[in-house]
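All remarks here apply to the structure that follows.
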Amino acid sequence: MTASSIPVKPALFGKTLDQLQEVAASLGMPRFTAGQLAKWLYVKRSASFDCMSDISARNRGLLDENYSVGLLPPEGVSTSSDGTKKYLFPVPGAGYIESAYIPDRDRATLCVSSQVGCRMGCLFCMTGKQGLSRNLTAGEILNQVVSIPESDRLTNIVYMGMGEPLDNLDEVLRSLEVLTAPWGFAWSPTRITVSTAGLVAPLKRLIEESKAHLAVSLHNPFPDQRAELMPIERGAPITDIVDLLKNYDWKGQRRLSFEYILLEGINDTPAHIKGLARLLDGLKCRINIIRFHKIPGSPFYSPGDRSVEAFRDALSAKGITTTIRASRGEDIQAACGLLSTGVK
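So in our numbering, the last one in the sequence shown is 636, and the numbering has no gaps at all.
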């Protein structure tokens with residue numbers, strides 16, 4: 293038998309409590325073993341079955357024979373002059389993904405990937421240029437959280453890395469369950485934001501099956517112009533997305549925001565300000581303005597700082613809470629829209 297033909301054992305890390313109960317049952321173990329596994333995986337973050345001392349030696353042997361824990365360390369790290377770090381993680385059989393660690397005073401945010409590449413094809417994004425290799429499992433998503441040296445310092449997680457989270461919704465929801473469940477990481481969902489370009493049916497599921505903050509990639513209020521930037525507009529119009537969002541209450545702790553990459557001469561005119569105000573009228577939300585970060589072969593440019601600030605002020609005058617997201621990690625290709633492993 294060659295090394296490549298040896299079966300890869302499935303990973304336990306990333307499984308929900310229900311799934312761990314199924315594992316225990318399939319191996320003839322008591323039902324309470326699932327809770328013990330959850331504690332070792334998500335509370336104590338054990339990387340080895342040998343450490344799971346309250347599980348019998350026989351059962352530890354069965355687990356090791358049939359499963360792996362499933363944790364993989366990053367293979368590389370780049371550090372920005374502003375303190376941002378970009379981690380490179382291997383994905384068996386599918387290349388690599390990148391995650392960005394962003395420290396900012398008393399906050400420490402990790403931007404995680406949900407897919408190897410992306411099939412959305414947005415023109416302002418490097419990840420879209422490499423296409424989609426495959427979805428990540430919940431374990432591979434969460435591995436990014438626990439396998440960096442700064443894991444214990446994290447205050448926030450954003451699903452804004454490589455991939456479209458709603459294109460991998462089942463695994464994203466499982467990862468959110470593990471992050472927020474009392475038997476898992478026990479994080480408050482207010483520490484987590486999921487970003488999406490918008491897929492109507494999956495978006496409805498995400499809103500109803502999780503309590504994480506939501507960020508929608510908008511970038512243009514006019515459907516024909518948005519479609520030129522984001523092909524997804526043709527199948528999931530932004531008007532349909534906004535209509536869906538208006539069915540939910542966004543006045544509590546849960547936050548709804550729209551991401552808007554400002555492109556000089558493309559989506560930064562007074563007409564776009566009026567279009568945004570009309571589109572979002574009656575919706576409790578905020579707009580995050582993002583400076584465009586230049587990618588190879590792109591015809592786009594970011595407006596100057598004064599123009600960006602003037603756009604923000606004009607939207608604020610329309611009654612829309614508007615902020616400008618600080619650019620972080622641009623010198624190591626870790627800023628918004630720059631994550632890509634297509635050439636690695």
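Glycine included, every Cβ here is placed at the ideal spot set by N, Cα and C.
For the beta strand (DSSP E) holding L548, just list the boundary residues, first then last.
L548 to L554 is the span of the beta strand (DSSP E), which, as asked, contains L548.
Just to check my reading of the structure: R466 and A430 have Cβ atoms closer than 8 Å, yes? What is that Cβ distance to the nearest angstrom?
Taking a contact as a CB-CB distance under 8 Å, the pair R466 and A430 counts as one, their CB atoms being some 4 Å apart.
For T308, which of G327, S391 and A317 has the nearest alpha-carbon?
Cα-wise, what sits closest to T308 is G327.
Where does F381 fall in DSSP's three states?
In this structure, F381 counts as strand in the three-state DSSP scheme.
Among F416, Q436 and L571, which one has its Cα closest to the Cα of S406?
Q436 is the residue among F416, Q436 and L571 whose C-alpha sits nearest the C-alpha of S406.
Quick test of the definition: if touching needs 3 or more C-beta pairs under 8 Å, does the region 394 to 401 touch the region 434 to 451?
Judged by Cβ distances under 8 Å, the region 394 to 401 makes contact with the region 434 to 451, as three or more pairs qualify.
Let me check understanding here. Comparing Cα to Cα, which of E442, K586 and D342 lies closest to K378?
Nearest of E442, K586 and D342 to K378, Cα basis: E442.
Is it buried or exposed, P591, if we count other Cβ atoms within 10 angstroms and call 16 or more buried?
Residue burial is scored here from C-beta neighbours: P591 has fewer than 16 other C-beta atoms within 10 angstroms and is therefore classed as exposed.
Which of helix, strand or coil DSSP assigns to Q328
Correct three-state label for Q328: helix.
Can you tell me whether DSSP reads D374 as helix, strand or coil?
Here DSSP, grouped into helix, strand and coil, assigns D374 to coil.
Which residue's Cα is closest to the Cα of L380: I440, K331, E525 and P513?
Checking every option, the nearest Cα to that of L380 belongs to I440.
Same chain, Cβ closer than 7 Å to M321, five either side skipped, listed in chain order:
Annotation for M321: N351 place their beta carbon closer than 7 Å to its own, counting only its chain and skipping 5 residues before and after.
I need the DSSP call for I298, collapsed to helix, strand or coil.
Bear in mind that a pLDDT of 43 at I298, under 50, signals an unreliable position, so the model cannot answer this.
Mind checking whether S509 and C414 have CB atoms under 9 Å apart?
Between S509 and C414, the CB-CB gap stays under 9 Å.
Short Cβ contact (9 Å threshold) for L424 with G387:
Not closer than 9 Å, so no.
In the structure shown, what three-state DSSP assignment does Y359 receive?
In the three-state reduction of the DSSP assignment, Y359 falls in the coil class, being assigned neither a helical nor a strand state.
Could you tell me the distance, in whole angstroms, from the CA atom of V635 to the CA atom of G629?
Its pLDDT being 47, under 50, V635 is placed unreliably by the model, and the measurement read from it follows with that caveat. Here the alpha carbons of G629 and V635 stand approximately 16 Å from one another.
Let me make sure I understand the geometry here. Which of T401, F416 and E390 has the alpha-carbon closest to that of G409?
Measuring from the Cα of G409, the nearest candidate turns out to be E390.
With DSSP collapsed to three states, give me the class of V315.
Here V315 sits in helix by DSSP.
Taking three-plus beta-carbon pairs below 8 Å as touching, is the region 555 to 566 in contact with the region 528 to 540?
Here the region 555 to 566 makes no contact with the region 528 to 540; the two share fewer than three CB pairs at distances below 8 Å.
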